[in-house]
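Participant: Just dropping this structure here.
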Amino acid sequence: MSLRLRSVSLALLFPALVLGWWEWESRQGAGHAYAFAPLEQVARSLVEMLLDGRLLLHAGASLQRALTALLIGGSIGIATGIAMGLWRPFDRTAGPIVTTMRQVPILGWLPLVALWFGNGDGAKLLLVSLSAFYPTVLNTQKGMQAVEGKLAEVGRLYGFTRLQSLRLIAWPSALPLVFTGISQALAFAWIATIGVELLFSATAGLGTEMMAAQVAARTDVVLVCVACVGVMGFALNQLFALLRARLLRWQPAPGN
Amino acid sequence: MTDPRHLREPAGTTGPSRTGAVRITGLSKRYAMSGKSMTVLDDINLSIRPGEFVSIVGPSGCGKSTLLRLIVGLDTDYDGEIRLDDTRVAGTGLERGLVFQDHRLFPWMTVSKNVEVALLKQKLPKERRERLIAEHLALVGLSDFGEAYPHQLSGGMAQRAAIARALVNEPRVLALDEPLGALDALTRVKVQAELQRIWMEAGTTMIMVTHDVDEALFLGDRVVVMSPRPGRIARVVDVDLPHPRDRASPLLHRLKDEILGELTREPREEDGTLVSFPARTRS
Ligand SMILES: Nc1ncnc2c1ncn2[C@@H]1O[C@H](COP(=O)(O)OP(=O)(O)O)[C@@H](O)[C@H]1O
Ligand SMILES: [Mg+2]
Numbered sequence: 008m009s010l011r012l013r014s015v016s017l018a019l020l021f022p023a024l025v026l027g028w029w030e031w032e033s034r035q036g037a038g039h040a041y042a043f044a045p046l047e048q049v050a051r052s053l054v055e056m057l058l059d060g061r062l063l064l065h066a067g068a069s070l071q072r073a074l075t076a077l078l079i080g081g082s083i084g085i086a087t088g089i090a091m092g093l094w095r096p097f098d099r100t101a102g103p104i105v106t107t108m109r110q111v112p113i114l115g116w117l118p119l120v121a122l123w124f125g126n127g128d129g130a131k132l133l134l135v136s137l138s139a140f141y142p143t144v145l146n147t148q149k150g151m152q153a154v155e156g157k158l159a160e161v162g163r164l165y166g167f168t169r170l171q172s173l174r175l176i177a178w179p180s181a182l183p184l185v186f187t188g189i190s191q192a193l194a195f196a197w198i199a200t201i202g203v204e205l206l207f208s209a210t211a212g213l214g215t216e217m218m219a220a221q222v223a224a225r226t227d228v229v230l231v232c233v234a235c236v237g238v239m240g241f242a243l244n245q246l247f248a249l250l251r252a253r254l255l256r257w258q259p260a261p262g263n
Numbered sequence: 581m582t583d584p585r586h587l588r589e590p591a592g593t594t595g596p597s598r599t600g601a602v603r604i605t606g607l608s609k610r611y612a613m614s615g616k617s618m619t620v621l622d623d624i625n626l627s628i629r630p631g632e633f634v635s636i637v638g639p640s641g642c643g644k645s646t647l648l649r650l651i652v653g654l655d656t657d658y659d660g661e662i663r664l665d666d667t668r669v670a671g672t673g674l675e676r677g678l679v680f681q682d683h684r685l686f687p688w689m690t691v692s693k694n695v696e697v698a699l700l701k702q703k704l705p706k707e708r709r710e711r712l713i714a715e716h717l718a719l720v721g722l723s724d725f726g727e728a729y730p731h732q733l734s735g736g737m738a739q740r741a742a743i744a745r746a747l748v749n750e751p752r753v754l755a756l757d758e759p760l761g762a763l764d765a766l767t768r769v770k771v772q773a774e775l776q777r778i779w780m781e782a783g784t785t786m787i788m789v790t791h792d793v794d795e796a797l798f799l800g801d802r803v804v805v806m807s808p809r810p811g812r813i814a815r816v817v818d819v820d821l822p823h824p825r826d827r828a829s830p831l832l833h834r835l836k837d838e839i840l841g842e843l844t845r846e847p848r849e850e851d852g853t854l855v856s857f858p859a860r861t862r863s
């Protein structure tokens, strides 16, 4: 057996065991069949949801929400991080505020946000954006302060203006950490999206659909949604890793 | 300010140029270290002719890097005077270049972009800029590597790219701080020969710090030997041989023994200072 084949079959072993156990549970009487929907039924629901376009609708709505929030929260986070990295007094003022706010879990803001902004799309977007804001602001700020004095000296030698030093030295040297921030923000935004949809069921979204399915006692549909959230989160992460490798191709390979 | 030299004479078409004379007089440098003031350079006097190659050797910590940083203006806090062609040095300027021991190329830029950003201050038209970049990459033998990123280069290539970047503004004087120190022995010998050819073609005044006495003698018209605590010029050795040189020359071997003797001599403790040598400077 080739090494690759062996590692693939090892990776599949555990899921296969879980599925086997699941199927066994679902055959232990009616109560069990409710909690552990038979695999065959889950598969049928998946096909059905794919065919009637429901899965696409909800997955699309969640994805759009997560990416919009990433764009908003991420760009504000990066801009704030740059300002904090460049301007000490701002860092001293904003730093403690950000750190304090970060101690409150995203869903902890829910009662206040619902009170102030209702439970519409705006409120959801606000909370998800906040989850994307923290990792980008903190990593960007750290990145901007990581400029190597040695490279800054090269800028002095060739008479760079302050703006040129920022654009050609400080920003590119911050980029690896900025990307780390964005990839964390992507993961947090995805999780927060599903979270606010579960709690603020209003419009389309995988979380909304999950909540509705639970109320309707459709464990099979809940399972399809859970699997979809997992697979999509994984795919987003992988896609972003590819983008990052492409944009940071100037970096030496790790361990080099 | 734009250095007008290259507008008059493209690199390599004239011999040693008329400009590039460095005159250092009564130069002293102190660092404040944990409240105490420490003298790092003490009364340095040195005159360098236009187009001359001067090597500097001396034990580590004797202030060689400090001296170069003062010459290029990265550090402006000193007593005494440094003049380039009768203008007092104050801050950095394109007419004075520096090559560091670590190449210090920007890792996020290709080789040719690294050379290009050195030209930013000159605000040249695009064609002229591109020609200068191409000429200087050719000068260091990296014409085929313009699009490579620094991490894709070998140590010797990266250092040659750094030399191209330092020369692209056609500075009147180029300081080199142990530029080949990180290279393996074989690469180093090759790049030394390259550096000699580049110096002969460009006609730039060069001041190179090295810990390799062979290298200092192979390249230098003169070798400045420094002694530590405080950093002083112990001796200046003339190397009266035409370039390009033969490494096997008996004169180089004799001078090497002499310089090594100087560098390993035990300090005398009589008056609390190190031995000082009569021949301080030449001009
Ligand atoms: N920024 C600095 N602050 C304080 N001391 C320094 C600084 N830079 C260099 N020195 C000291 O000055 C002395 C000379 O340093 P340097 O010029 O780097 O020596 P060399 O290049 O000959 O090895 C050393 O003793 C070093 O510790
Ligand atoms: Mg040094």
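Going line by line, the protein sequences match chains A and B. So the numbering used here is basically just the index in the first sequence, starting at one, shifted up by 7. So the numbering used here is basically just the index in the second sequence, starting at one, shifted up by 580. Glycine residues also receive a C-beta, built at the ideal position from the N, C-alpha and C atoms. Just so it is clear, the structure is predicted and the values come from calculations on it, not from any experiment.
#1: Note down, in chain order, all residues in the segment 725 to 741 of chain B with a beta-carbon under 7 Å from any beta-carbon belonging to chain A.
#2: Out of B/Arg-745, B/Leu-797, B/Glu-727, B/Pro-687, which has the shortest C-alpha to C-alpha gap to B/Leu-719?
#3: Do B/Leu-678 and B/Pro-730 have their CB atoms nearer than 8 Å?
#4: Counting Cβ pairs, one atom from each stretch, are 3 or more of them under 8 Å apart for the segment 85 to 95 of chain A and the segment 139 to 151 of chain A?
#5: DSSP on A/Phe-43, reduced to helix/strand/coil?
#6: Does the beta carbon of A/Lys-157 sit closer than 8 Å to a beta carbon anywhere in chain B?
#7: Out of curiosity, what's the CA-to-CA distance linking B/Pro-828 and A/Arg-256?
#8: With a cut-off of 8 Å, does the C-beta of A/Phe-186 fall near any C-beta of chain B?
#9: From B/Arg-629 to B/Thr-785, what does the alpha carbon distance come to, in whole angstroms?
#10: For the segment 608 to 617 of chain B against the segment 775 to 793 of chain B, do three or more pairs of beta-carbon atoms, one drawn from each stretch, fall closer than 8 Å, so that the two count as touching?
#11: Any beta carbon of chain B sitting closer than 8 Å to that of A/Leu-164?
#12: If you measure beta-carbon to beta-carbon, which residues of the segment 685 to 704 of chain B are closer than 7 Å to chain A?
#13: Under the assumption that B/Ile-839 contacts B/Ile-636 (Cβ atoms under 8 Å), give the Cβ distance between them as a whole number of angstroms.
#14: For B/Arg-768, which residues of its own chain have a beta-carbon under 6 Å away from its beta-carbon, when the five flanking residues on both sides are left out?
#15: Under 8 Å, do B/Ser-608 and B/Gly-643 count as touching if we go by C-beta distance?
#16: Which of the three DSSP states is assigned to A/Asp-227 in this structure?
#17: Could you confirm whether any beta carbon from chain B is found closer than 8 Å to the beta carbon of A/Gln-152?
#18: Taking the straight line between their C-alpha atoms, what separation do you get for B/Met-737 and B/Leu-775?
#19: Which residues neighbour ligand 4 when neighbourhood means a C-beta less than 5 Å away from any of its non-hydrogen atoms? List them by chain order.
#20: Could you name the residues of the same chain whose beta carbon sits closer than 8 Å to that of B/Ala-670, not counting the 5 residues immediately before and after it, in chain order?
#21: Considering Cα atoms alone, identify which of A/Glu-155, A/Leu-46, A/Ser-190, A/Gln-71 is closest to A/Gly-81.
#22: Check the Cβ of B/Thr-672 against every Cβ in chain A and list those closer than 7 Å, keeping chain order.
#23: Whose CA, out of B/Asp-623, B/Pro-687, B/Ala-601, lies closest to the CA of B/Val-634?
#24: Under DSSP, the alpha helix (DSSP H) around B/Gly-606 begins and ends at which residues?
#25: Does DSSP classify B/Lys-701 as helix, strand or coil?
#26: With 8 Å as the C-beta to C-beta threshold (strictly closer), list the residues of the segment 173 to 201 of chain A near chain B in chain order.
#27: Is the segment 99 to 112 of chain A in contact with the segment 226 to 240 of chain A, if contact means three or more CB pairs nearer than 8 Å?
#28: Just to confirm, is the Cβ distance from A/Gln-48 to A/Asp-227 under 8 Å?
#29: Hey, how far is the Cα of B/Glu-589 from the Cα of B/Asn-749?
#30: List, in order along the chain, the chain B residues whose C-beta lies closer than 7 Å to that of A/Gln-110?
#31: For B/Leu-756, would you say it is in contact with chain A, using Cβ-to-Cβ distances shorter than 8 Å as the test?
#32: Buried or exposed: where does B/His-823 fall if 16 or more other Cβ atoms within 10 Å of its Cβ makes it buried?
#33: Residues bridged to B/Gly-677 by DSSP?
#34: Take A/Val-154 and list the residues in its own chain whose beta-carbon comes closer than 8 Å to its own, dropping the five residues that flank it on each side.
#35: Please state the DSSP three-state secondary structure of A/Val-203.
#36: Can you say whether B/His-716 is buried or exposed, counting buried as having 16 or more other CB atoms within 10 angstroms of its CB?
Facilitator: The relevant details are as follows:
#1: Considering only beta carbons, the part of the segment 725 to 741 of chain B lying closer than 7 Å to chain A consists of Tyr-729, His-731, in chain order.
#2: Working through the second sequence from its first residue, we reach residue 719 of chain B at position 139. For the residues B/Arg-745, B/Leu-797, B/Glu-727, B/Pro-687, the minimum Cα distance to B/Leu-719 belongs to B/Arg-745.
#3: Taking the second sequence and counting its residues from 1, one reaches residue 678 of chain B at position 98. Taking the second sequence and counting its residues from 1, one reaches residue 730 of chain B at position 150. Judged by their CB atoms, B/Leu-678 and B/Pro-730 are not nearer to each other than the 8 Å cut-off.
#4: Three or more beta-carbon pairs separated by less than 8 Å link the segment 85 to 95 of chain A to the segment 139 to 151 of chain A, which places the two stretches in contact.
#5: What you label residue 43 of chain A is simply residue 36 of the first sequence in a count that begins at 1. The answer is coil: DSSP assigns A/Phe-43 none of H, G, I, E or B.
#6: The sequence position of residue 157 of chain A within the first sequence is 150, counting from 1. Answer yes: the Cβ-Cβ gap between A/Lys-157 and chain B drops below 8 Å somewhere.
#7: Position 248 of the second sequence, counting from 1, holds the residue named residue 828 of chain B. Position 249 of the first sequence, counting from 1, holds the residue named residue 256 of chain A. A small correction: the amino acid at residue 828 of chain B is Ala; Pro does not occupy that position in the sequence shown. When rounded, the distance between both Cα atoms is 45 Å.
#8: Mapped onto the first sequence, residue 186 of chain A falls at position 179. By this cut-off, A/Phe-186 is not an interface position.
#9: Position 49 of the second sequence, counted from the start, is the residue given in the question as residue 629 of chain B. Position 205 of the second sequence, counted from the start, is the residue given in the question as residue 785 of chain B. Roughly 8 Å between the two C-alpha positions.
#10: Short answer: they don't touch.
#11: Residue 164 of chain A sits at position 157 when you count from the first residue of the first sequence. At least one chain B Cβ lies under 8 Å of A/Leu-164.
#12: Of all residues in the segment 685 to 704 of chain B, Phe-686, Pro-687, Trp-688, Val-697, Ala-698, Leu-700, Lys-701 have a Cβ within less than 7 Å of some Cβ in chain A.
#13: Counted from its first residue, the second sequence places residue 839 of chain B at position 259. Counted from its first residue, the second sequence places residue 636 of chain B at position 56. B/Ile-839 to B/Ile-636, Cβ: 11 Å. No contact.
#14: Start at 1 with the first residue of the second sequence, and residue 768 of chain B comes out as number 188. Same-chain partners within the cutoff: Leu-760.
#15: Numbered from 1 along the second sequence, position 28 holds the residue referred to as residue 608 of chain B. Numbered from 1 along the second sequence, position 63 holds the residue referred to as residue 643 of chain B. In this structure, B/Gly-643 does not lie closer than 8 Å to B/Ser-608 by Cβ.
#16: Locating residue 227 of chain A in the first sequence gives position 220, where the first residue counts as 1. Helix.
#17: Within the first sequence, numbered from 1, the residue matching residue 152 of chain A stands at position 145. So no, A/Gln-152 is outside the interface.
#18: As a first step, residue 737 of chain B must be located in the second sequence, where it is residue number 157. As a first step, residue 775 of chain B must be located in the second sequence, where it is residue number 195. Annotation: B/Met-737 to B/Leu-775 spans about 12 Å, alpha carbon to alpha carbon.
#19: Ligand 4 is not part of this structure, which contains only ligand 1 and ligand 2.
#20: Numbered from 1 along the second sequence, position 90 holds the residue referred to as residue 670 of chain B. Cβ neighbours of B/Ala-670 beyond the five flanking positions: Gly-653, Thr-656.
#21: By one-based count along the first sequence, residue 81 of chain A stands at place 74. The shortest C-alpha to C-alpha distance from A/Gly-81 to any of A/Glu-155, A/Leu-46, A/Ser-190, A/Gln-71 is the one to A/Ser-190.
#22: Here residue 672 of chain B is taken as the residue at index 92 of the second sequence, counted from 1. Chain A residues near B/Thr-672: Arg-163, Leu-164, Gly-166.
#23: Here residue 634 of chain B refers to the residue found at position 54 of the second sequence. The residue with the shortest Cα to Cα distance from B/Val-634 is B/Ala-601.
#24: Here the question's residue 606 of chain B lines up with position 26 in the second sequence. Following the DSSP letters along the chain, one finds B/Gly-606 in no alpha helix (DSSP H) but inside the beta strand (DSSP E) bounded by residues 602 to 613.
#25: Walking along the second sequence from the start, residue 701 of chain B turns up at place 121. B/Lys-701 falls in the helix class under three-state DSSP.
#26: Legend: CB atoms of the segment 173 to 201 of chain A lying less than 8 Å from CB atoms of chain B belong to residues Leu-175, Ile-176, Pro-179, Ser-180, Leu-182.
#27: Judged by Cβ distances under 8 Å, the segment 99 to 112 of chain A makes no contact with the segment 226 to 240 of chain A, as fewer than three pairs qualify.
#28: Position 41 of the first sequence, counting from 1, holds the residue named residue 48 of chain A. Position 220 of the first sequence, counting from 1, holds the residue named residue 227 of chain A. For A/Gln-48 and A/Asp-227, yes; Cβs fall inside 8 Å.
#29: Translated into positions along the second sequence, residue 589 of chain B becomes position 9. Translated into positions along the second sequence, residue 749 of chain B becomes position 169. Model confidence at B/Glu-589 stands at a pLDDT of 41, short of 50, so the residue's coordinates are unreliable; what they give is reported in the following sentence. Answer to the nearest angstrom: the Cα atoms are 12 Å apart.
#30: Counting from one through the first sequence, the residue named residue 110 of chain A turns up at place 103. Within 7 Å Cβ-Cβ: nothing; A/Gln-110 doesn't reach chain B, min ~35 Å.
#31: Here the question's residue 756 of chain B lines up with position 176 in the second sequence. So no, B/Leu-756 is outside the interface.
#32: On the second sequence, position 243 is the one that residue 823 of chain B refers to. Classification for B/His-823: exposed.
#33: Walking along the second sequence from the start, residue 677 of chain B turns up at place 97. Answer is B/Leu-754.
#34: The residue labelled residue 154 of chain A in the question sits at position 147 within the first sequence. Contacts found: Ile-176, Ala-177, Ser-180, Ala-181.
#35: Residue mapping note: residue 203 of chain A aligns to position 196 of the first sequence, counting from 1. If DSSP states are grouped into helix, strand and coil, A/Val-203 belongs with the helices.
#36: Residue mapping note: residue 716 of chain B aligns to position 136 of the second sequence, counting from 1. Flag for B/His-716 reads buried.
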